[in-house]
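As structure tokens, the structure follows; a few thoughts come after it.
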Amino acid sequence: MSLTPKAAAAVGIGGLAGAGARWGLVETLPSTDAWPWGVLAVNLAGCVVLGYLAAAAWSARAQLPLSLGMGTGFCGSLTTFSALTVDVAEMARDGDWGYAASYLAVSVAGGVALALVGAALRTVQLKEAQ
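The numbering used here numbers the first residue of the sequence shown as 1 and each following residue consecutively.
In structure tokens, the structure reads:
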């Protein structure tokens with residue numbers, strides 16, 4: 001796959017939208033003493049969307065610029081693995097091992113489960129369209 005101006009523009013526009021959405025959600029859903037809810041929300045939302053997009057790509061019905069814009073651009077800038085790991089490290093540093101472990105487990109298991117949900121939604125949608 002070569003980087004075309006159309007694909008680069010799609011990634012850039014998607015990235016701008018995803019970063020804006022992440023900022024808005026993280027600001028709207030403040031952290032509590034236990035968990036950073038905003039970071040959890042954006043990461044889980046990104047997993048659903050990316051699962052949906054992956055299923056579209058698997059079906060060979062995805063349009064490349066749109067897929068790149070939504071997947072790499074939007075989901076890539078919406079989700080934040082670095083904030084997740086820093087949050088877990090801070091919880092562990094503060095001795096909140098239970099919070100750290102549960103937040104990490106919910107983030108990973110929830111992310112995988114929601115990616116599967118997103119893929120299943122797209123698969124059902126494709127079957128109904130046939």
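Quick reminder that beta carbons are idealized off the backbone N, C-alpha and C, glycines included.
Just so you know, the alpha carbons of residue 58 and residue 69 end up roughly 17 Å apart.
Between residue 53 and residue 41, the C-beta gap is not smaller than 8 Å, which leaves the two residues out of contact. Per DSSP, residue 91 is one residue of the alpha helix (DSSP H) stretching across 81-93.
In its chain, beyond the 5 residues on either side, 88, 91 and 92 have a beta carbon closer than 6 Å to the beta carbon of residue 100. Its Cα nearest to that of residue 24, the residue 77 stands out among 86, 77, 105 and 122.
C-alpha of residue 94 to C-alpha of residue 19: approximately 29 Å in a straight line. Exclusion of the five residues before and after residue 120 leaves no residue of its chain whose Cβ lies closer than 6 Å to its Cβ. In this structure, DSSP gives residue 119 a helical state, which the three-state scheme calls helix.
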